[in-house]
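Here the structure is laid out as structure tokens; the discussion comes afterwards.
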Amino acid sequence: MNYSRLREKLINELIKEGVLRTPKVINAFRMVPRELFVNEGFRELAYVDSPLPIGYGQTISAPSMVAIMTEELKPAKGDKILEVGAGSGYQAAILAELVKPEGHVWSIEVIPELAAYAERNLKRAGYSEYVTVVVGDGSAGLPENAPYDKIMVTAASPGIPEPLTKQLRCGGRLVIPVGRLHLQVLKVVTKDLKCQVSMRDSVPCVFVPLVGKYGFREPDLKLL
Ligand code: SAH
114 MNYSRLREKL INELIKEGVL RTPKVINAFR MVPRELFVNE GFRELAYVDS PLPIGYGQTI
174 SAPSMVAIMT EELKPAKGDK ILEVGAGSGY QAAILAELVK PEGHVWSIEV IPELAAYAER
234 NLKRAGYSEY VTVVVGDGSA GLPENAPYDK IMVTAASPGI PEPLTKQLRC GGRLVIPVGR
294 LHLQVLKVVT KDLKCQVSMR DSVPCVFVPL VGKYGFREPD LKLL
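All residue numbers for the sequence shown refer to our numbering, where the first residue is 114 and numbers rise by one.
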């Protein structure tokens, strides 16, 4: 399987569709081998624009969704970033590529087995130095390393958890899918230098649910 050819083809499609826009983000997509972040049985599909199962009922997001969220977050060299929902570790690797070498990504994952999976994948791809995977409920953020320049939530949330806007630096940005269980809108929250919070809607999207303190409640999750 010639992964670099497939990768380049997908990148060109995403550029044509207008979801990949900035040279830095395009370069990050070139640098991160997505085939190392999908389960062995799905390797040939690594460069198809679709989410793929990673076990435990969770998925690695579609490349176009990773592109849209990354473009909206605008990660910059040196940024401290919090990701909620490590999953496969792919999105964390893309973020790491954009903030390294001075920046750092903390990625929190509630399913311990997936946290280990993300860590393994990140190590193989050469990003462990720039990403710290933490096991826990990230719906309340990760106060230890706050404030963050950027925060990205990669699971569907019923609202914008207050601890996340609190843990965002003034001048920072938060990207989070907010809505109902089967349909959300990607919200882009900005906190300006005077610490005023404002937000706007990006695109409609469908994510697996955020669980935990500020996530969906057990009775709702039973409907899945
Ligand atoms: N960003 C991932 C995809 C994430 S899928 C990637 O690039 O592959 C969403 C992930 O969020 C799942 O792994 C799920 O277990 C996790 N998750 C759900 N609720 C969470 C919470 N409260 N804290 C941390 N992780 C959570």
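Just so it is clear, CB atoms sit at the ideal spot from N, CA and C, and this is done for glycine as well.
All figures in this text were calculated on a predicted structure; none of them were measured in a lab.
Test: residue i CB closer than 8 angstroms to a CB of chain D
i, result
"E257", "Among the protein chains of the structure shown there is no chain D, as only one such chain exists."
Residue j beta carbon less than 8 angstroms from that of residue i
i, j, result
"A199", "A228", "yes"
"M288", "E185", "The amino acid at residue 288 is misidentified as Met; the sequence shows Val. Yes, Cβ-Cβ distance for V288 and E185 is below 8 angstroms."
"G216", "K190", "yes"
"A141", "L235", "no"
"L127", "P176", "yes"
Residue i classed as buried or exposed, judged by whether at least 16 other C-beta atoms fall within 10 angstroms
i, result
"L299", "buried"
"G154", "exposed"
"M340", "Only positions 114 to 337 of the chain appear in the structure, and residue 340 is not among them; the question remains open."
"S201", "buried"
"K304", "buried"
"I129", "The sequence shown places Lys at residue 129, not Ile. Its Cβ having fewer than 16 others within 10 Å, K129 is exposed."
"K326", "exposed"
For residue i, the first and last residue of its enclosing alpha helix (DSSP H)
i, result
"R237", "225 to 238"
"L119", "116 to 129"
"V138", "136 to 144"
"E210", "203 to 212"
"E331", "331 to 334"
Element boundaries [beta strand (DSSP E), containing residue i]
i, result
"V310", "310 to 318"
"V87", "Since the first and last residues shown for the chain are 114 and 337, residue 87 lies out of range."
**Report entry** 4 or more residues per run - each alpha helix (DSSP H) lying fully within the segment 154 to 194
**Finding:** As far as the segment 154 to 194 is concerned, its whole alpha helix (DSSP H) runs of at least 4 residues are 176 to 186.
message: Please give me, in chain order, every unbroken run of the beta strand (DSSP E) with length at least 3 that falls completely inside the segment 244 to 296.
response: For the segment 244 to 296, whole beta strand (DSSP E) runs of length 3 or above, ordered along the chain, are 244 to 248, 261 to 266, 281 to 293.
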